[in-house]
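Q: One structure coming up, written as structure tokens, with questions to follow.
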Amino acid sequence: MRKSLFARWRASFFAGLAVALPGIITFAIVKWVFGTITSFTDTLLFFLPYWIPPGRIYQDGVSGPMFWYWSLLAVIIAVVLISAVGVLARYYFGKRMIALADSLILRVPVLNKIYGTIKQVDQAFTSGKKSSFKTVVLVEYPREGIYSVGFLTSERAEEIERKTGKKCVCVFIPTTPIPTGGFLIVVPEDQVIKLDMTVADGLKYIISVGAISQEYARNELESKS
Numbered sequence: 001m002r003k004s005l006f007a008r009w010r011a012s013f014f015a016g017l018a019v020a021l022p023g024i025i026t027f028a029i030v031k032w033v034f035g036t037i038t039s040f041t042d043t044l045l046f047f048l049p050y051w052i053p054p055g056r057i058y059q060d061g062v063s064g065p066m067f068w069y070w071s072l073l074a075v076i077i078a079v080v081l082i083s084a085v086g087v088l089a090r091y092y093f094g095k096r097m098i099a100l101a102d103s104l105i106l107r108v109p110v111l112n113k114i115y116g117t118i119k120q121v122d123q124a125f126t127s128g129k130k131s132s133f134k135t136v137v138l139v140e141y142p143r144e145g146i147y148s149v150g151f152l153t154s155e156r157a158e159e160i161e162r163k164t165g166k167k168c169v170c171v172f173i174p175t176t177p178i179p180t181g182g183f184l185i186v187v188p189e190d191q192v193i194k195l196d197m198t199v200a201d202g203l204k205y206i207i208s209v210g211a212i213s214q215e216y217a218r219n220e221l222e223s224k225s
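The sequence shown finishes on residue 225 if you use this note's numbering, and the numbering steps up by one all the way, no holes.
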């Protein structure tokens with residue numbers, strides 16, 4: 001029995017969607033990331049209106065979002081400036097300048113609390129001596145008998161260990177399918193199961209809602225049989 005026109009169209013549509021969806025999602029993520037970054041970096045081109053008419057800079061001809069090529073230029077300038085700071089940080093003069101800037105910011109009320117906290121977090125993730133996000137783990141969360149995939153962020157929780165009398169670790173449980181948020185939980189070390197998958201594989205597992213890891217396991221079984 002031949003399929004109806006609607007059934008053939010539906011099959012073609014879902015087949016095309018399966019092919020196009022990864023590209024669409026990738027483009028949407030890149031666009032979102034670019035828009036988020038440029039919302040900050042566009043301010044680097046504050047001098048443009050003094051040289052070029054606003055109608056050739058802003059999309060509405062007055063102010064607000066810039067045309068994409070100006071935003072791209074702002075991102076390139078930001079990359080150059082950050083690279084220059086990195087080069088300066090390798091030399092004595094640059095280190096002294098950075099230390100002076102840090103000391104000035106840390107003397108400003110309120111701002112020093114925010115900056116100090118962010119700097120500590122940054123050092124925790126960039127220091128080679130830390131274990132932040134280097135291990136994928138499995139923990140029983142949000143209740144016993146249900147497991148969640150997370151990332152080990154710290155193997156020390158001194159005050160919590162003193163209060164509980166147990167060796168505890170800190171685990172970040174990201175949300176899915178977009179792991180930009182999540183929960184920090186403190187778990188006894190003996191209740192954490194360390195997985196062999198890499199951090200990249202762990203992120204793929206979370207973003208794909210478990211589909212990629214299952215497919216990988218299936219391919220492994222097929223290759224061994």
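Cβ atoms here follow ideal geometry from the backbone N, Cα and C, with glycine treated the same way.
Suppose the cutoff is 7 Å on Cβ atoms and the five residues either side in sequence are ignored; what does the same chain contact list for glycine 94 look like?
A: Only Leu88 meet the Cβ criterion.
Q: Run the CB neighbour count on serine 71, radius 10 Å, all protein chains shown included, and call it buried at 16 or more, exposed below.
A: Serine 71 is buried by the Cβ-count criterion.
Q: For tyrosine 58, which three-state DSSP category applies?
A: Correct three-state label for tyrosine 58: strand.
Q: Pull up the distance between the alpha-carbon of valine 209 and that of proline 179, whole angstroms please.
A: Between valine 209 and proline 179, the C-alpha separation is close to 11 Å.
Q: By DSSP's criteria, methionine 66 is part of a beta bridge. Which residues make up the other side?
A: Methionine 66 is bridged to Tyr58.
Q: Buried or exposed: which applies to leucine 21, given that a residue is buried once 16 or more other Cβ atoms fall within 10 Å of its Cβ?
A: So leucine 21 ends up on the exposed side.
Q: Just verifying my parser: in three-state terms, what is the DSSP assignment at phenylalanine 13?
A: Reduced to three states, the DSSP call for phenylalanine 13 is helix.
Q: Could you name the residues that DSSP lists as bridge partners for threonine 135?
A: Leu152.
Q: Expressed to the nearest angstrom, what Euclidean distance is found between the alpha-carbon atoms of aspartate 102 and isoleucine 24?
A: Using only the alpha carbons, I get a separation of about 42 Å.
Q: I believe phenylalanine 172 touches phenylalanine 151 by the beta-carbon criterion, under 8 Å. Please report the beta-carbon distance rounded to the nearest angstrom.
A: Indeed, because the Cβ distance is near 5 Å, the residues count as touching under 8 Å.
Q: Look at the Cβ atom of isoleucine 212, then the Cβ atom of leucine 138, and state whether they are nearer than 7 Å.
A: Their beta carbons are not under 7 Å apart, which means isoleucine 212 does not touch leucine 138 by this criterion.
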